[in-house]
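K.L.:
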Amino acid sequence: MEQRGKRPKPHEEGPIGRGERTDKERPEWQTRVQRVKTEEKSPLVPSEITPEDLDFSVRVQLKTLTAENAEMVARHLAMVSLLIEDDPQLAHKHALAASRRAGRLAIVHETLGITAYASGEFALAIRELLTHRRLSGSNDQLPLIVDSERGLGRPERALEAVVGIDRSKLTTGVRINLAIALSGARLDLGQADLALQELEIPELNPKRVFEQSPLLFRSYAECLRELERDGDQWDQLADRAEKAMAEHGEEVFELFEEIKIPTSEEFEKKPRSDNPYSKPDRKFDRGDRKTDRPERKYPPRDGARPDRGDRPDRGSRPDRGSRPERSDRPNRSERPERSERPDRGARPDRSERPRGERPERSDRPDRSSRPERSSGPQRTGRPDRGPRPDNKGRGPRGAGK
């Protein structure tokens with residue numbers, strides 16, 4: 001009897017038919033690749049921020065989106081307008097979130113370009129603002145394009161950006177900001193004389209104050225100092241312009257509530273059932289309608305209609321069977337019976353009657369004694385009809401033939 005060998009231990013060899021799995025034997029197409037997520041999550045928006053916080057002229061441009069998408073884009077744009085001065089980095093994140101949702105709208109490209117400029121991303125700002133200019137045909141953001149080219153160290157391209165632009169058609173604010181940006185590009189190139197000429201526009205008037213006048217006056221004073229000239233007078237005019245604007249153009253804000261911007265740790269995601277846009281059976285209040293029609297009061301639908309007292313009761317109507325009979329009418333039972341008609345089958349058939357048995361009419365004149373028609377006036381121009389066709393079977397004359 002042969003002695004069997006020692007059975008291997010479980011850890012020495014796997015199950016029968018299987019070998020130990022190693023990472024080297026796994027093919028490359030089965031290896032998992034961990035992809036790095038480059039797309040950042042959208043920042044949170046407080047529940048107090050609604051689409052109504054955005055300007056109506058901007059909300060109109062979102063009408064091509066779906067209702068839910070337009071709401072989120074409007075809320076992100078409203079956050080941009082609130083944070084652009086205090087926190088431009090967070091405002092830029094909201095602009096990126098709006099761009100991912102509505103990347104084909106001109107207003108979204110404009111907002112993203114402005115936040116990119118405020119964050120120092122000049123290349124992105126140029127790309128987005130040029131896209132906005134191509135889509136809308138507006139030159140309102142041309143000063144930011146010129147200044148972004150300066151930020152990238154390309155003053156020559158900044159000057160080329162305004163070639164062919166009619167500055168007289170620009171608004172006052174855009175024209176002043178463009179003059180300041182072009183003056184800075186001239187200073188970067190060392191052209192102080194041309195920089196001073198760029199600022200000599202009709203709005204450079206100490207007697208007229210605009211929103212951009214303080215910055216315009218200070219830029220003019222700086223160009224004068226580059227030319228070794230006195231610019232203190234224009235600095236004083238800039239201070240006076242700021243005071244005048246503070247006295248007459250100061251905005252008064254009334255604080256209703258303080259909004260706290262939530263973080264991802266504090267944010268609790270609402271269930272879908274609480275979302276009003278996910279309810280298909282939601283009802284809207286139409287409000288009070290203004291119409292000239294009188295208000296109609298319909299009876300309730302439970303069947304309790306008001307009783308009409310002026311309507312006679314149907315039970316008081318006389319019975320139709322109690323009507324008096326008409327005595328002048330003869331009784332149908334007293335009418336004499338009609339005699340039976342003779343049977344038509346006893347009549348002789350017309351086809352069997354001999355035609356020769358008809359009596360001749362003696363009072364009928366002979367046709368030979370009739371006068372000839374030639375004695376009358378003859379008709380001229382009558383076409384010859386030729387021989388008449390046989391009329392057999394078409395009339396009474398051909399019946400006997």
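For the sequence shown, our numbering assigns the number 1 to the initial residue and increments by one for each residue that follows. We put the CB at the ideal spot given by N, CA and C, even for glycine. These numbers were taken from a predicted model, which means no experiment stands behind them.
How would you write the range of the alpha helix (DSSP H) that Asn69 sits in, first residue to last?
P.N.:
Counting along the chain, the alpha helix (DSSP H) containing Asn69 begins and ends at 67-83.
K.L.:
Considering only the beta carbon of each residue, do Ala91 and Leu77 sit closer than 7 Å?
P.N.:
For Ala91 and Leu77, no; Cβs fall outside 7 Å.
K.L.:
What's the C-alpha gap between Leu152 and Ala106?
P.N.:
Cα-Cα distance, rounded: 24 Å.
K.L.:
Go ahead and label Asn69 buried or exposed: buried means 16 or more other beta carbons lie within 10 angstroms of its beta carbon, across all protein chains shown.
P.N.:
Looking at its Cβ environment, which holds fewer than 16 other Cβ atoms inside 10 Å, Asn69 is exposed.
K.L.:
Hey, out of Lys207, Pro88, Gln191, Asp53, whose CA is closest to Pro155's CA?
P.N.:
When each option's Cα is compared against that of Pro155, the closest is Gln191.
K.L.:
State the Cα-Cα distance for the pair Gln418 and Ala246, rounded to the nearest angstrom.
P.N.:
As shown, the chain starts at 1 and ends at 401. That puts residue 418 outside it, with no answer to give.
K.L.:
Does the distance from the CB of Glu198 to the CB of Ile176 come in under 7 Å?
P.N.:
No, the pair does not count as a contact, with Cβ atoms beyond the cut-off.
K.L.:
State the DSSP-derived secondary structure class of Asn205, mapped to helix, strand or coil.
P.N.:
Coil, per DSSP.
K.L.:
Can you list, in chain order, the residues of its chain whose CB lies under 7 Å from that of Tyr117, leaving out five sequence neighbours each side?
P.N.:
Ala125, Leu144, Ser148, listed in sequence order.
K.L.:
Of all the options Arg157, Asp86, Phe217, Glu28, which has the alpha carbon lying nearest to the alpha carbon of Arg186?
P.N.:
Checking every option, the nearest Cα to that of Arg186 belongs to Arg157.
K.L.:
When the distance is taken between beta carbons, is Ala241 closer than 7 Å to Ser219?
P.N.:
Not closer than 7 Å, so no.
K.L.:
Give me the residue from Leu159, Glu160, Ala161, Leu178 with the minimum Cα distance to Ser168.
P.N.:
Ser168 has its Cα closest to that of Leu178, out of Leu159, Glu160, Ala161, Leu178.
K.L.:
Can you grab the Cα-Cα spacing for the pair Glu128 / Pro27, in whole Å?
P.N.:
Rounded to whole angstroms, Glu128 to Pro27 spans 44 Å at the Cα level.
K.L.:
For Leu227, is the classification buried or exposed, using 16 other Cβ atoms within 10 angstroms of its Cβ as the cut-off for buried?
P.N.:
Exposed, because fewer than 16 other Cβ atoms sit within 10 Å of the Cβ of Leu227.
K.L.:
From what residue to what residue does the alpha helix (DSSP H) around Glu128 run?
P.N.:
It spans 122-136 - the alpha helix (DSSP H) in which Glu128 sits, taken as one unbroken run.
K.L.:
Just confirm the distance between the C-beta atoms of Pro51 and Arg59, as a whole number of angstroms; I'd bet it's less than 8 Å.
P.N.:
Correct: roughly 6 Å between the Cβ atoms.
K.L.:
Between Asp406 and the rest of its own chain, which residues show a CB-CB distance below 8 Å, the 5 nearest in sequence each way excluded?
P.N.:
With the chain covering 1 to 401 only, the question about residue 406 has no answer from this structure.
K.L.:
Shortest alpha-carbon distance to Val108 belongs to which of Glu121, His132, Asp86, Leu44?
P.N.:
Checked all of Glu121, His132, Asp86, Leu44; the closest Cα to Val108 is His132.
K.L.:
How would you call Arg208, buried or exposed, if buried means at least 16 neighbouring beta carbons within 10 angstroms?
P.N.:
The residue is exposed, with fewer than 16 neighbouring Cβ atoms inside 10 Å.
K.L.:
Using alpha carbons as the reference points, say which of Glu71, Glu211, Trp234 lies closest to Arg248.
P.N.:
According to the sequence displayed, residue 248 carries His and not Arg. Ranking the options by Cα distance to His248, first place goes to Glu211.
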